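From first to last, the protein sequence lines are chains A and B.
Here the first sequence stands for residues 27 to 140, numbered as in this note's numbering.
Here the second sequence stands for residues 204 to 317, numbered as in this note's numbering.
The C-beta atom is built at its ideal place from N, Cα and C for all residues, glycine as well.
Note that the structure is a prediction, hence the values are computed from the model and not measured.
Here's the structure, in structure tokens; my notes come after.
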Amino acid sequence: DQQVKQNSPSLSVQEGRISILNCDYTNSMFDYFLWYKKYPAEGPTFLISISSIKDKNEDGRFTVFLNKSAKHLSLHIVPSQPGDSAVYFCAALTRRYNNNDMRFGAGTRLTVKP
Amino acid sequence: DAGVTQSPTHLIKTRGQQVTLRCSPKSGHDTVSWYQQALGQGPQFIFQYYEEEERQRGNFPDRFSGHQFPNYSSELNVNALLLGDSALYLCASSLGLNTNQPQHFGDGTRLSIL
Numbered sequence: 027d028q029q030v031k032q033n034s035p036s037l038s039v040q041e042g043r044i045s046i047l048n049c050d051y052t053n054s055m056f057d058y059f060l061w062y063k064k065y066p067a068e069g070p071t072f073l074i075s076i077s078s079i080k081d082k083n084e085d086g087r088f089t090v091f092l093n094k095s096a097k098h099l100s101l102h103i104v105p106s107q108p109g110d111s112a113v114y115f116c117a118a119l120t121r122r123y124n125n126n127d128m129r130f131g132a133g134t135r136l137t138v139k140p
Numbered sequence: 204d205a206g207v208t209q210s211p212t213h214l215i216k217t218r219g220q221q222v223t224l225r226c227s228p229k230s231g232h233d234t235v236s237w238y239q240q241a242l243g244q245g246p247q248f249i250f251q252y253y254e255e256e257e258r259q260r261g262n263f264p265d266r267f268s269g270h271q272f273p274n275y276s277s278e279l280n281v282n283a284l285l286l287g288d289s290a291l292y293l294c295a296s297s298l299g300l301n302t303n304q305p306q307h308f309g310d311g312t313r314l315s316i317l
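Below, the structure is given as structure tokens:
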């Protein structure tokens, strides 16, 4: 059962423009969401997170938006840079029940063209 | 400050064999989680170890077992290997079971079953 879905396997944007990566989830028990970035031959690296009590979290060029009613979150990267080219994974947890079974989406490959 | 280290980086086995993968957590971390990432998919949670005990387990058969040592390092053992066990195995570490800190991932062990 795929409880976290990233429906776009790939995304290509021009340097300096906005990148928007989307993620949908089905389990309403999830209360904490994370984005990880993965370069080839490296492990995923934590990027940004958001608790379900918030609808937005910002960290520099990265902003995550959460729409609980739609069970949807998105990651905005502004401005996009060539070094942002990587696979981005959305992940979700049910933290209030100490459930550390982190569920991941299949990832979106972002390519930022110079 | 050493991050999460995994060994070996690559491994080739044949069906029916057994394999042991190793993980040293990031300095200061005491909790280790293991994930399986098949090609084109996101990581899937296998299990989590804390205080040398398996604390939580994902939907994986008993062929997958683990261990955590007093120095917090961990092993993942897989018996009776199947072709479908071919994947990237990721180890992640964190501090405690219920924390606001995200998990830190190693670069993984690529396991190929022939």
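Assigned exposure category for residue i - 16 Cβ within 10 Å defines buried
i	result
T212/B	exposed
K139/A	exposed
L224/B	buried
N274/B	exposed
Y123/A	exposed
N126/A	buried
Own chain, CB closer than 8 Å to residue i, minus 5 neighbours either side, in chain order
i	result
K97/A	D50, Y51, T52 and S54
K82/A	I76, T89, V90, F91 and L92
E256/B	Q271
L298/B	G231, H232, D233, T234 and Q304
Chain-ordered neighbours of residue i on chain B, where CB pairs are closer than 8 Å
i	result
A112/A	Those within 8 Å of A112/A in chain B number zero; the least Cβ separation is about 13 Å.
S75/A	P305
F88/A	Residues of chain B passing the Cβ test: none, with the nearest at roughly 14 Å.
L136/A	Here the premise fails: no neighbours, minimum Cβ distance about 15 Å.
Partners in chain A for residue i, counting only beta-carbon separations shorter than 8 Å
i	result
G309/B	G69
S236/B	N126 and M128
Contacts that residue i makes with chain B (C-beta to C-beta distance below 9 Å)
i	result
A132/A	G243, Q244 and G245
F115/A	G245 and P246
Rounded straight-line distance, which links the Cα of residue j to that of residue i
i	j	result
S315/B	T137/A	28 Å
S210/B	I103/A	34 Å
C226/B	F250/B	13 Å
Q247/B	G261/B	8 Å
Y292/B	I79/A	32 Å
I44/A	N93/A	19 Å
S95/A	D57/A	13 Å
P264/B	D288/B	11 Å
Q220/B	T208/B	24 Å
Q239/B	G309/B	12 Å
D85/A	L101/A	11 Å
V281/B	V222/B	5 Å
G243/B	A132/A	7 Å
R258/B	M128/A	14 Å
S106/A	E254/B	42 Å
Cβ neighbours of residue i in the same chain (closer than 7 Å, five flanking residues each side left out)
i	result
A112/A	K63, K64, Y65 and L136
L73/A	W61, Y62, K63 and F88
P108/A	E41, V138 and P140
G311/B	Q209, L291, Y292 and L293
R266/B	V281, N282 and A283
Chain-ordered neighbours of residue i on chain A, where CB pairs are closer than 7 Å
i	result
L293/B	G69
F248/B	D127 and M128
Q251/B	N126
L300/B	N124 and N126
Chain-order list of residues whose beta-carbon lies under 6 Å from that of residue i (same chain, five-residue window excluded)
i	result
T134/A	Q32, S34, L37, L47 and Y114
L279/B	L224, W237 and G269
Min CB distance residue i to chain D below 8 Å
i	result
Q259/B	The structure shown has no chain D; the protein chains it does contain are A and B.
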